[in-house]
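Sequential numbering of the sequence shown, starting at 28, is according to my numbering.
By construction, the Cβ of each residue, glycine as well, lies at the ideal position given by its N, Cα and C atoms.
Just so it is clear, the structure is predicted and the values come from calculations on it, not from any experiment.
Comments concern the structure below.
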Amino acid sequence: MIATRRFLTKFRSAAAVMLAGDPDRYLKIPAGPSYDGFASCFANFVPGPEAAVLGAVQGPLALGAFTTPSGPVAWTTIPSWAVIGRADRAIPPTALTTMAQRAHAKITYVQAGHLSMITKPQAVATVIEQAARPASFPAARPARSTHRTSRSTHRTKGDRTTCR
Numbered sequence: 028m029i030a031t032r033r034f035l036t037k038f039r040s041a042a043a044v045m046l047a048g049d050p051d052r053y054l055k056i057p058a059g060p061s062y063d064g065f066a067s068c069f070a071n072f073v074p075g076p077e078a079a080v081l082g083a084v085q086g087p088l089a090l091g092a093f094t095t096p097s098g099p100v101a102w103t104t105i106p107s108w109a110v111i112g113r114a115d116r117a118i119p120p121t122a123l124t125t126m127a128q129r130a131h132a133k134i135t136y137v138q139a140g141h142l143s144m145i146t147k148p149q150a151v152a153t154v155i156e157q158a159a160r161p162a163s164f165p166a167a168r169p170a171r172s173t174h175r176t177s178r179s180t181h182r183t184k185g186d187r188t189t190c191r
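Printed below as a string of structure tokens:
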């Protein structure tokens, strides 16, 4: 609870700075005391010169990306795929795996960082081709009912309820 309060306090402070017009809404390029730098963290496995260009031309991240509700989630009713870099330093691979499993995605792991579409383009293209095949689109599954209790998540599947 205390950690959550600290996070919210920091988030609100950062949001206030951003709303006040702070132009630094980019992933920082140089390394610092608590950050390995754009090339090592976000663009690991990307060749140095290409990582430098990616860092230089990145667009700003809008605060709304974190604060605006996205609306209904599509993965509850349509098939999903995920390509997960085992060496992703921007989002932990375990977190990506959890999200992909929750979406019942067909998961492909690659030895890559966050930008696997740049460093492993053939693997990503193969997954896209598989997803585009008509056989990949079974009848849409019905939306699941999900509600949380204090200790577990109950999911209704047909006539039975399972806990995880």
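Worksheet entry | Closest by C-alpha distance to Gly140, when choosing among Val110, Phe65, Ala79, Ala114 | Ala114
Worksheet item: Between Ala70 and Leu88, is the Cβ-Cβ spacing less than 9 angstroms?
Response: no
Discussion item. Given a cut-off of 9 angstroms on the beta-carbon distance, is the pair Cys68 and Ala127 in contact?
Written reply: no
Fill in: Paired residues, beta bridge with Ala109 - DSSP
Ile134
Discussion item. Let's see if you can read the secondary structure: which residues bound the alpha helix (DSSP H) around Leu90?
Written reply: Where Leu90 is concerned, there is no enclosing alpha helix (DSSP H), given that its DSSP letter is neither H nor E.
Worksheet item: Nearest CA to the CA of Ala83: which residue from Ser97, Val73, Lys55, Ala132?
Response: Lys55
Fill in: Beta carbon of Val110 nearer than 9 angstroms to that of Val137
yes
Worksheet item: Is DSSP giving Gly75 helix, strand or coil here?
Response: helix
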